[in-house]
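Below is one structure; the comments refer to it alone.
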Amino acid sequence: MSGPDHKAPPRPSAVSMIKPRQRVAIVKGQDVSRYTDFYHSVLIAPWWLFFLGLVAFFVVINVIFALLYLADPNALAHAQRGNFWDAFLFSVQTIGSVNYTAFVPQTIYANVIVSIEAFFGILTIALFTGIIFARFSRPFARIVFSNKAVIIPFDGMPTLMFRSANQRGNSIVDAEVRIYFAWQQTTREGIVMRRFEEMKPARQKSSLFVLSWTIMHQIDRSSPLYGITIDQMYERQVEIVVMLSGLDETLADRVYARYSYGPDAIVMGEKFVDVISVDGHGRRVVDLTRFH
1 MSGPDHKAPP RPSAVSMIKP RQRVAIVKGQ DVSRYTDFYH SVLIAPWWLF FLGLVAFFVV
61 INVIFALLYL ADPNALAHAQ RGNFWDAFLF SVQTIGSVNY TAFVPQTIYA NVIVSIEAFF
121 GILTIALFTG IIFARFSRPF ARIVFSNKAV IIPFDGMPTL MFRSANQRGN SIVDAEVRIY
181 FAWQQTTREG IVMRRFEEMK PARQKSSLFV LSWTIMHQID RSSPLYGITI DQMYERQVEI
241 VVMLSGLDET LADRVYARYS YGPDAIVMGE KFVDVISVDG HGRRVVDLTR FH
């Protein structure tokens, strides 16, 4: 542990915004066992990487079993001796429980390997079926936040405003928003730490979140934004973290979304344009092209 005389780290020029489902920190020196958390890793991996890993796993496993079959030149009937392609195709048929066509195991060694591979294939299919189902069934919100937050007078008081929209078009029941003011503080002893203070929104809950929700925080004397300038926000590495949750009526499960506004994303004196209109059938329409 460092002593109290260590210096504060250099300040970045801006605080980056947090995007939904994005990791917000890079950890060095962590326990290697984290990378053995297979289930968590495959759940958070993007789909293209997941299927690429699945194909690579399938090929590697069949290559290994093909080499095991090649270890016995007489393992497979009707196969060319030492032919890797024949052994590989036989392995694919075995692990997928496909009926044999041209090749048949004909030695005790080959039948033992076939039994092991067939059992391994059953486990593998069950494992990846469960993982794919878990990825499809995992609830997540399709909530978009405005790229910018604004500070303008509202009812005679300076007010922080930003807005969110439900892109899915269904209803989120009992939606709740929490706002946190995060900043970097250095103690008298020179210890640097990240501090958080909750900011009270004008309306914390919405019984039914369907279209758009403009979230507001009044900047009064109790607000951590009271009297602070944009330059001071940069100096203190201020970040406004937003977390929104609610019950998705379609999924019948709670969904969560988060976003973050740094000093570069806070605009003074600007207003949001109206994005809600009514079409010819009397239905309300949200124009997301004007959302930001």
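Residue numbering for the sequence shown is 1 to 292, as defined by the numbering used here. Note that CB positions come from ideal geometry on N, CA and C, so glycine has one too.
- Pairing PHE162 with TYR234 gives a Cβ-Cβ distance that is not under 8 Å.
- The three-state secondary structure of GLN218, taken from DSSP, is strand.
- Contact between the stretch 171–186 and the stretch 194–204 is present: 3 or more CB-CB pairs across the two stretches fall below 8 Å.
- When beta bridges are read from the DSSP output, LEU54 appears opposite no residue.
- Contact annotation: LEU225 and ILE276 have beta-carbon atoms that are not nearer than 8 Å.
- A residue is called buried when at least 16 other Cβ atoms come within 10 angstroms of its Cβ; THR186 does not meet this threshold and is exposed.
- Rounded to whole angstroms, ASP155 and GLN167 show a C-alpha spacing of 30 Å.
- It is roughly 8 Å from the alpha-carbon of VAL98 to the alpha-carbon of VAL92.
- Rounded to the nearest whole angstrom, the CA to CA distance from SER115 to ILE122 is 11 Å.
- The DSSP-derived three-state label of ARG203 is coil.
- Look at ILE95 here: in three-state DSSP terms it is helix.
- Rounded to whole angstroms, the separation of the alpha carbons of GLY130 and ILE151 is 47 Å.
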